[in-house]
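Engineer:
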Amino acid sequence: MTNNPESKNGKNPGNKKSGSSGLFNKYLNNRGIFRNREVLRHSFRPNNLPHRTPQIDSIAAILAPSIRNETPSNILIYGKTGTGKTACVKYVGAELETACRELGKRCNVIHLNCELIDTQYRVLAQIANEIENLDNKPNDKPRTSIPMTGWPTDQVYAELKNLLESLGGVNVIVLDEIDKLVKKSGDEILYNLTRFNGELRNAKISMIGISNDLRFTNFLDPRVLSSLSEEELVFPPYNAPQLCDILQERADVAFEEEVLDHGCIPLCAALAAQEHGDARRALDLLRISGELAERENAPKVSEAHVKSAQQKIETDSLIVCVSSLPTQSKAVLYAMLILSDLNRPVFTTGEVAQVYRDVAQALDVDVLTHRRITDLISELTMLGVINSRVVSRGRYGRTKEMWFGTGTSGIRETLSKDERFEEERLHQIDIGRFRTLFR
DNA sequence: AATCCACAGGAATTGCGGGTGG
DNA sequence: CCACCCGCAATTCCTGTGGATT
1 MTNNPESKNG
11 KNPGNKKSGS
21 SGLFNKYLNN
31 RGIFRNREVL
41 RHSFRPNNLP
51 HRTPQIDSIA
61 AILAPSIRNE
71 TPSNILIYGK
81 TGTGKTACVK
91 YVGAELETAC
101 RELGKRCNVI
111 HLNCELIDTQ
121 YRVLAQIANE
131 IENLDNKPND
141 KPRTSIPMTG
151 WPTDQVYAEL
161 KNLLESLGGV
171 NVIVLDEIDK
181 LVKKSGDEIL
191 YNLTRFNGEL
201 RNAKISMIGI
211 SNDLRFTNFL
221 DPRVLSSLSE
231 EELVFPPYNA
241 PQLCDILQER
251 ADVAFEEEVL
261 DHGCIPLCAA
271 LAAQEHGDAR
281 RALDLLRISG
291 ELAERENAPK
301 VSEAHVKSAQ
311 QKIETDSLIV
321 CVSSLPTQSK
331 AVLYAMLILS
341 DLNRPVFTTG
351 EVAQVYRDVA
361 QALDVDVLTH
371 RRITDLISEL
381 TMLGVINSRV
391 VSRGRYGRTK
401 EMWFGTGTSG
411 IRETLSKDER
421 FEEERLHQID
431 IGRFRTLFR
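Using the UniProt record's numbering, read the first sequence as starting at 1 and increasing by one per residue.
1) For ILE400, which residues does DSSP report across the bridge?
2) Please state if the CB of ILE75 and the CB of ASN171 are separated by a distance shorter than 8 Å.
3) DSSP state of GLU419, grouped into three classes?
4) From which residue to which residue does the beta strand (DSSP E) around LEU112 run?
5) Please classify GLY290 as buried or exposed, where buried requires at least 16 other C-beta atoms within 10 Å of its C-beta.
6) Taking SER177 and GLU232 to be in contact with their CB atoms under 8 Å, please state how far apart those CB atoms are, rounded to whole angstroms.
7) Under a Cβ-count criterion, where at least 16 other Cβ atoms within 10 Å of its own Cβ denotes burial, should residue 442 be classed as buried or exposed?
8) Could you work out which residue in HIS42, ARG372, VAL346 is closest to ALA353 when comparing CA atoms only?
9) Return helix, strand or coil for VAL332, following the three-state DSSP convention.
10) Determine the extent of the beta strand (DSSP E) in which ALA203 is found, giving its start and end residues.
11) Rounded to whole angstroms, what is the Cα-Cα separation between GLY263 and ARG280?
12) Given this structure, state the Cα-to-Cα distance separating TYR238 from ILE77, to the nearest angstrom.
13) In whole angstroms, what separates the C-alpha of SER188 from that of ARG357?
14) By Cβ distance below 8 Å, which residues in the same chain neighbour PRO241 in space, the five residues on each side in sequence not counted?
15) Buried or exposed for MET336, going by 16 or more other Cβ atoms inside 10 Å?
16) With a threshold of 7 Å on Cβ separation, who are the neighbours of LEU267 within its own chain once the five nearest residues in sequence on each side are excluded?
17) I'd like the list of long-range same chain contacts for LEU225, defined as Cβ closer than 7 Å, with 5 residues on each side in sequence excluded.
18) Return the first residue and the last residue of the beta strand (DSSP E) that GLU235 is part of.
19) With C-beta atoms as the reference, is LYS180 less than 8 Å away from ASP118?
20) Which class does LEU286 belong to by DSSP, given the choice of helix, strand or coil?
21) Give every residue of the same chain whose Cβ lies closer than 8 Å to the Cβ of VAL92, excluding the five residues on either side of it in the sequence, and list them in chain order.
22) Please report how far the alpha carbon of LYS90 lies from the alpha carbon of THR83, in whole angstroms.
23) Output yes or no for whether 8 Å exceeds the beta carbon distance between ALA298 and ASN36.
24) Could you check the C-alpha separation between GLY14 and GLY22 for me, to the nearest Å?
25) Go through its chain and collect everything with a Cβ distance to ILE205's Cβ below 8 Å, but skip five positions before and after it.
26) Between LEU333 and VAL385, how many whole angstroms is the CB-CB distance? I'm expecting something under 8 Å.
27) Use the C-beta contact count for LEU96: other C-beta atoms within 10 angstroms, 16 or more gives buried, fewer gives exposed.
28) With DSSP as the reference, label ASP430 as helix, strand or coil.
29) How long is the line joining the alpha carbons of LEU318 and GLY410, rounded to whole angstroms?
30) Have a look at the DSSP bridge pairing and note the partners of ILE173.
31) What is the DSSP secondary structure of PHE44, counted as helix, strand or coil?
32) Kindly list the residues whose CB is nearer than 6 Å to the CB of GLU230, restricted to its own chain and excluding five residues on each side of it in sequence; keep chain order.
33) Here's the rule: buried if 16 or more other CB atoms are within 10 angstroms of the residue's CB, otherwise exposed. What is VAL234?
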């Protein structure tokens with residue numbers, strides 16, 4: 001989803017020996033824009049999370065019993081992307097671990113990203129392996145008594161139980177993106193995890209589920225739900241002023257003195273606030289603005305840079321979106337391109353369907369029905385590739401008008417990269433016929 | 001006021017690939 | 001290994017409809 005243009009930044013040094021070409025000199029002499037660009041990445045964990053104090057306090061209060069070796073309640077956390085859920089949980093988790101260590105208690109926080117670890121087996125195995133290697137020094141070679149595949153699930157379950165029992169203490173298991181896990185593998189794992197506490201004498205476990213999807217509880221067994229959501233927390237989206245604070249804090253570290261124009265941060269915040277208050281988006285904007293300024297050797301980051309960064313993010317995501325479209329949708333999109341080449345800024349479903357027929361035949365793919373085309377058009381609208389609205393033209397029927405938002409060049413370029421859209425085939429389409437047809 | 005176009009878009013159904021349990 | 005099921009793309013059939021024209 002978030003593609004990092006970072007890697008494109010590296011210039012190819014060619015075949016010359018390093019240091020001799022002078023290729024990088026202009027970057028060396030340039031007084032940098034960035035002091036520490038890493039701070040702007042979403043993987044970076046700041047040790048201060050503005051506007052999340054209430055949430056942090058709640059989590060801390062709920063987890064507090066673990067320092068007295070008691071079992072904390074399970075927590076379910078909701079919130080859209082970029083609202084700081086993961087950051088807050090990691091922060092509190094780290095604090096809890098250090099607090100316990102000072103008291104000589106054993107308490108582990110195990111963070112699992114369920115987007116990667118998405119089956120019952122992998123969850124159990126991953127927990128076991130993490131617990132085993134908790135006390136390792138950096139140079140110790142990791143112990144893996146449970147293979148990543150091969151064992152029956154109940155054996156893994158038993159092994160993990162032994163492991164927990166032998167180590168003791170409170171274990172907080174964080175299931176990040178838990179909705180992905182449940183959608184893929186069901187809620188059986190969650191049920192099994194809740195059962196652990198009944199079978200353990202020496203150790204305790206507690207769960208924190210983090211979900212982007214507010215409706216995901218629909219997929220849960222009521223018993224699992226009631227146990228998992230003993231406590232519920234909602235992370236609301238940030239508003240523009242709050243995003244400003246977040247950005248300011250990181251910008252102070254990330255950029256050199258005085259390189260940011262005054263309006264940059266408020267503008268980034270405003271643009272990101274329009275899109276559901278996503279802090280990641282705001283940080284991306286700021287970082288890419290800086291990178292753009294750096295690349296063109298500008299002394300400062302201006303609001304214009306922010307605007308082109310916004311533009312870049314938009315076209316980048318458009319390209320990713322279009323290139324991942326199924327062939328049929330691409331064919332529909334290509335039909336629309338033909339229409340717009342005929343100097344028709346807006347076109348109707350019927351026209352698209354007619355042109356599409358020829359496109360599909362030229363591409364040698366199945367020709368879908370009109371009904372299906374309307375659905376594909378709706379999908380393209382949903383994805384923001386095109387704009388559309390239903391209009392009534394009285395005697396001349398009721399249809400859907402559609403048009404391209406920003407220029408077609410990005411779309412055209414992306415389509416031409418699809419091997420099935422070779423020019424040779426597309427030349428078979430009789431564009432002249434349409435020119436006379438729609439007049 | 002009645003008509004009627006050119007579709008929108010809902011419901012039911014089919015066909016297909018991938019996964020699952022026996 | 002096969003039978004089965006589920007999710008999804010796609011088709012078929014269908015009813016609904018805003019408003020210029022008659």
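For each residue, glycine too, the CB sits at the ideal point set by N, CA and C.
Values in this document were obtained by computation on a predicted structure and should not be read as measured data.
Structural biologist: To lay it out plainly:
1) Contrary to the premise, residue 400 reads as Lys rather than Ile in this sequence. Note: LYS400 sits in a beta bridge opposite VAL390.
2) Result no, Cβ atoms of ASN171 and ILE75 do not sit closer than 8 Å.
3) Here DSSP, grouped into helix, strand and coil, assigns GLU419 to coil.
4) Per DSSP, the unbroken beta strand (DSSP E) holding LEU112 starts and ends at 107-113.
5) The Cβ neighbour count for GLY290, taken over all protein chains shown within 10 Å, is at least 16; the residue is labelled buried.
6) Correcting the residue type first, residue 177 is Glu in the shown sequence and not Ser. No, GLU177 and GLU232 are not in contact; Cβ-Cβ is about 17 Å, not under 8 Å.
7) Since the first residue shown for the chain is 1 and the last is 439, residue 442 is missing from the structure and cannot be characterised.
8) Selected option, being the one with the closest Cα: ARG372.
9) Assigned with DSSP and collapsed to three states, VAL332 falls in helix.
10) Element bounds for ALA203: 203-211.
11) CA-CA distance, GLY263 to ARG280, rounds to 19 Å.
12) For TYR238 and ILE77, the distance between alpha carbons rounds to 16 Å.
13) It should be pointed out that residue 188 corresponds to Glu in this sequence rather than to Ser. Each residue's Cα considered, the two are about 47 Å apart.
14) Residues of the same chain with a CB within less than 8 Å of the CB of PRO241, apart from the 5 flanking positions on each side, are ALA269 in chain order.
15) MET336 counts as buried, since at least 16 other C-beta atoms from the protein chains shown sit within 10 angstroms of its C-beta.
16) Result list for LEU267: GLU303, VAL306, in chain order.
17) Cβ within range, chain order: THR217.
18) The question names Glu, but residue 235 in the sequence shown is Phe. Residues 231-235.
19) Yes, they are a contact pair.
20) Three-state result, LEU286: helix.
21) For VAL92, same chain residues with a beta-carbon under 8 Å away, outside a window of 5 residues either side, are ILE56, ILE59, ALA60, LEU63 in chain order.
22) So the two alpha carbons sit approximately 14 Å from each other.
23) Contact flag unset, no.
24) Because the pLDDT of GLY14 is 41, which lies under 50, any placement of that residue in the model is unreliable, and the question is left without a value.
25) Excluding sequence neighbours, ILE205 sits near THR71, LEU164, VAL170, ASN171, VAL172, ILE173, LEU193, PHE196, ASN197.
26) Indeed, because the Cβ distance is near 7 Å, the residues count as touching under 8 Å.
27) By the neighbour-count rule (16 or more Cβ atoms within 10 Å), LEU96 is buried.
28) Here ASP430 sits in coil by DSSP.
29) Spanning the two alpha carbons is a distance of roughly 8 Å.
30) In DSSP, ILE173 forms a bridge with ILE110, MET207.
31) Looking at PHE44 - three-state DSSP - the assignment turns out to be coil, as it is neither helix nor strand.
32) Taking GLU230 as the centre and dropping the five residues before and after it, the same chain places the C-beta of SER73, ASN74 closer than 6 Å to its C-beta, in chain order.
33) Exposed.
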